[in-house]
Structures are given as structure tokens and as C-alpha cells.
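The structure under discussion appears below in the form of C-alpha cells.
In our numbering, the protein residues as written are 448 to 820.
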């Protein structure tokens, strides 16, 4: 009888624990949501993990800017009144970093005080300083700022070698950048727009950031990740090295050599007149090329796709595996290794050397009769 009673008691205990499970899951889920939101806020604002997390309200208006947050929050400041312009004498600088706040316009010229236009009660909570030659613009630690009228900054320097933006910021080059080297780094929902004429250019774009570039660069190294966007079809480059991952995308223009890597669900479009093209595409990545190239060496895996039917090449080599596929235009020599369910379609009249295994395919397509020569 005692054993039966024990069994009944144990069964009752199990039933009670089962009833508690949904509530425990609810508590766990709420905790995870709070943690994730906190991490996102910290990411957007640059707050450290051990700071008090801050939840802010975003309100995007026609003036672009709305939301700015400090780290540990002492107070929330709501903009009031019509915008006024104040000046600040910060000294000389060669680089700019703006976080979480507003639009900054970069002018070329002698050093002069920066100009800030925003609502009167916002000015006192904006932090501007120069560290190691870099102008730092942001919100004073411990405060969050909300403004429907935006924050606009104008800055002057004889030259610039770097520009960084994060959060809901925009960097606009007014007079053009003429420099040996220049670096762009935008993250969050940051944006950069400008004309640059440099020898060496490096562009890093992540999260939801965007960059629109015109001008020219002898060497351009670009990294695009997250859902970042690089619009550089108006930037003439000679040597270009592009790496795109996640949902990133890029549109480029190159006239000598291009090395490209596309992974995740990244997308690359290149208008080319190059001697050498190297393309590596994996996962769900896609690369589209137009123009002409002397040689094109490609490696495709996963479900990657190289669309180069409008890129006229003399010699092409292709290594394709898994569900990878390519469409190319080759006129002289084509060497291909295709395995698994890979597919290579070509137009033109090249001499073809193909190593095919499994369900791989190499076959012509298009009006080949008019494409040789």
C-alpha cells in the first residue's frame, strides 16, 4: 500500500511539474526577448554589456534624424522649439566619427568652428571632441535624445583620411575627397555619400548601412555584410577586391583586375573592362558581370550562381560543385570541372575541356552562330 501511495504522489508531482512548464517557458521567453532587445539597443548605441540597457523611441521624419541614445541612462531629452545654429571650436582634425545622431556635411577648407543646428534644448547634450585627430560626434554618456527636427552638423578640414558612422547617421561629402588614402566605415543604419578621388580606398559596410560613391580609386577594397549596400557604379576603379556576405549587395565598376567573393545571399553586379577576373560564389550568392575580361577564373559551390552571359571573355576556367551554376560568354578557351548537380552553360565558340562527374552538365546556349570570331 505504501508503494502505491508513493507512486501516486510521484505521479502527482510529475503532473504538477508538467502544468508549470508553460509558465516557465513564458518566463524564459520574456527573458530572452528582453535580452535580445537590450543587445540590439546596445549594438546601435555602442553601449557596453555591463551598462544599464536603454530602450529608445525612433521617429523618422523627412529631416532624416530622430533617435539618439547614450549608454547608461540618466535622462531622456525630447527636443522642443525651432532649430537654432550654434558653433563649437573643436580644433583641427583629419577624420570624422559620428554615432547615433544626425547628418554631418564634410567641407574642404581651412579649420573653422563646426556648426550644429538642432532644437535649443538638445545642444547641451551633444558631445563633440577631437581625439587623436578624429572629430567625435555623439550624445553625452547617460542621456537619450529624441528630436523630430533632426541634428545637422557642418565641419571643415583641409583634408580627410577617414569617415565613420553608426546608428541613424548620414555622412555627406560636400567638396569631394582628394587624398592618398581614405577609409569609410558605416554600420547600423548609417549612410555615406560622396565623391572621392584617391589612390587607396577601403570601404566597410555592415548591418543596414549604405554607401554611394562616385569619383575614382586606383585600389578599392570593399567588405559588405549584413544587409549593407554599396552603390559604386559611378566610382572608377582599377584594382578592386570585393567581399560580400549575408544579405549584402554591391554594384561596382572596374577596369583592370577584380577579385570577388560572394557568400550567404549576397549579390554583386560588376561592369568590367578587366584583364583578370576572379570570382568565388557560394551558398545562395549571386554575381552578375557585364563588359569584357581577358581571363575569368570562377569557383562556384552551394547554390551559387555566376551570371556572366554578357561578359565577353577570351579564356575562362570554372570549378563548379553542388548546385552551383554559371552562364558565361567565352570566345577562345574554356576549361571546366563540374561535379554533383553543377551546371555550366556557355555561348561563343571556345575550345572546351570539360571534366564532368555525377549529374554535372556543360552545354552551349544562346545564338552561338553569331558570337564567335
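Ideal placement from N, C-alpha and C gives every residue a C-beta, glycine not left out.
Give a yes or no on contact between the region 579 to 589 and the region 646 to 659, applying the rule of three or more CB pairs nearer than 8 Å. no
Reference residue 569, options 557, 607 and 527, closest by Cα: Working through the chain shown from its first residue, we reach residue 569 at position 122. If we check each option's Cα against that of residue 569, 527 comes out closest.
Are there 16 or more other CB atoms within 10 angstroms of the CB of residue 407, so buried, or fewer, so exposed? An answer regarding residue 407 cannot be provided, because it is not within the stretch 448 to 820 covered by the chain.
Evaluate contact between the region 556 to 564 and the region 630 to 649, counting only Cβ atoms and requiring at least three cross-stretch pairs below 8 Å. no
Let me know the secondary structure DSSP gives residue 572 once reduced to three states. What you label residue 572 is simply residue 125 of the chain shown in a count that begins at 1. Residue state, collapsed to three classes: helix.
Since residue 696 contacts residue 713 with CB under 8 Å, what's their CB separation in whole angstroms? Here residue 696 refers to the residue found at position 249 of the chain shown. Here residue 713 refers to the residue found at position 266 of the chain shown. Their Cβ separation, rounded to whole angstroms, is 7 Å, which keeps residue 696 and residue 713 in contact under 8 Å.
Tell me which residues share the same chain as residue 469 and place their Cβ nearer than 8 Å to its Cβ, disregarding the 5 neighbours each side in the sequence. Residue 469 sits at position 22 when you count from the first residue of the chain shown. With a pLDDT of 45 at residue 469, under the threshold of 50, the predicted position of this residue should be treated as unreliable, though the coordinate-derived value follows. Excluding sequence neighbours, residue 469 sits near nothing in its chain.
If you reduce the DSSP assignment to three classes, tell me which class residue 548 lands in. Counting from 1 along the chain shown, the entry for residue 548 is found at position 101. Three-state result, residue 548: coil.
Return yes when the Cβ of residue 715 is within less than 9 Å of the Cβ of residue 684, no when it is not. In the chain shown, residue 684 corresponds to position 237, counting from 1. In the chain shown, residue 715 corresponds to position 268, counting from 1. Contact: no.
Need the endpoints of the beta strand (DSSP E) that residue 776 sits in, please. Counting from 1 along the chain shown, the entry for residue 776 is found at position 329. From DSSP, the beta strand (DSSP E) with residue 776 extends over 772 to 785.
Could you give the C-beta distance for residue 624 and residue 639, rounded to a whole number, given that I count them as a contact under 8 Å? Reading the chain shown from its first residue, position 177 is the one you call residue 624. Reading the chain shown from its first residue, position 192 is the one you call residue 639. Between residue 639 and residue 624 the Cβ distance is about 11 Å, and since that is not below 8 Å, they are no contact.
Measuring straight from C-alpha to C-alpha, what distance separates residue 803 and residue 740? Along the chain shown, read from residue 1 onward, the residue named residue 803 stands at position 356. Along the chain shown, read from residue 1 onward, the residue named residue 740 stands at position 293. For residue 803 and residue 740, the distance between alpha carbons rounds to 25 Å.
Expected contact under 8 Å - CB spacing of residue 707 and residue 664 to nearest Å: One-based indexing of the chain shown puts residue 707 at position 260. One-based indexing of the chain shown puts residue 664 at position 217. That pair is no contact at about 16 Å.
CA-to-CA distance, residue 552 to residue 630, given in whole angstroms: Within the chain shown, residue 630 is the residue found at index 183, counting from 1. Within the chain shown, residue 552 is the residue found at index 105, counting from 1. C-alpha separation (whole angstroms): 16 Å.
Per DSSP, what are the beta-bridge partners of residue 753 in this structure? As a working note, residue 753 is residue 306 in the chain shown. The partner list for residue 753 (beta bridge, DSSP) reads 734 and 773.
So, with DSSP's three-state summary, where would you put residue 675? One-based indexing of the chain shown puts residue 675 at position 228. Three-state DSSP puts residue 675 in coil, outside helix and strand.
Coarse secondary structure for residue 709, derived from DSSP in three states: On the chain shown, position 262 is the one that residue 709 refers to. Strand at residue 709.
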